[in-house]
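Let me begin by presenting the structure, written as structure tokens, before commenting on it.
In the working numbering, the protein residues as written are 347 to 526.
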């Protein structure tokens, strides 16, 4: 969200730094309804904040240029930097429910294949059952599902012995409170 009006006048054309200053002026400290998000303005504070966000297992950070006016949507002046992880998974099925996707799985400690996600195969070439794919994802849920998975590449240098929960997912990659 962003501050677009102050004193009944549009400030959308003003830079982010100005809009932030206006928001700080009018949003009461300790408000339970609105709050100012942390903003970092030096390389050192940005690096420290990113490290802290990773440690707290945040999804990522948003980056805006301080002089950028407000523009809705993807305008090329602000960016989302997601903290993604990566895992090698085995494709167990393609075209699930008639869609352009693949079911992917990891092997548990007992040797059983557990489905962890469905991923889009659009633009990924021919993906066949049995293939090993490298998948990026935002986090893993408590229910052992990958959240926001995307195929990065088809791996020809790996076999399914690499596709285990123990080798691919670390306990810190699991997001608490997401059970699906």
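The C-beta atom is built at its ideal place from N, Cα and C for all residues, glycine as well.
- In the three-state scheme derived from DSSP, where H, G and I count as helix and E and B as strand, residue 442 is classed as helix.
- If you compare the alpha carbons of 464, 505 and 377 with that of residue 445, the shortest gap goes to 464.
- Taking the Cα of residue 496 as reference, the smallest distance to any Cα among 400, 431, 391 and 361 is reached at 431.
- Only residues of its own chain outside the window of five on either side were considered, and among them 349, 350, 351, 364, 365 and 368 have a CB closer than 7 angstroms to the CB of residue 357, listed in chain order.
- Cβ contact annotation for residue 396 (same chain, cutoff 7 angstroms, sequence separation greater than five): 407, in chain order.
- With respect to the C-alpha of residue 347, the residue from 383, 494, 353 and 361 having the closest C-alpha is 383.
- Put simply, of 427, 378, 460 and 422 the residue whose alpha carbon is nearest the alpha carbon of residue 400 is 427.
- The beta carbon of residue 480 sits closer than 7 angstroms to the beta carbons of 432, 434, 498, 499 and 501 from its chain, once the five residues preceding and following it are set aside; these are given in chain order.
- Scanning 409, 423 and 405 for the CA closest to the CA of residue 388 turns up 409.
- Taking all protein chains shown into account, residue 516 has fewer than 16 neighbouring C-beta atoms within 10 Å of its C-beta and is therefore exposed.
- Taking the Cα positions, residue 393 is about 9 angstroms away from residue 386.
- If only uninterrupted beta strand (DSSP E) runs of at least 3 residues are considered, those enclosed by the segment 415-485 are 424-428, 431-440, 447-453, 459-466 and 478-483.
- From the listed residues 372, 456 and 378, the smallest Cα separation to residue 354 is found for 372.
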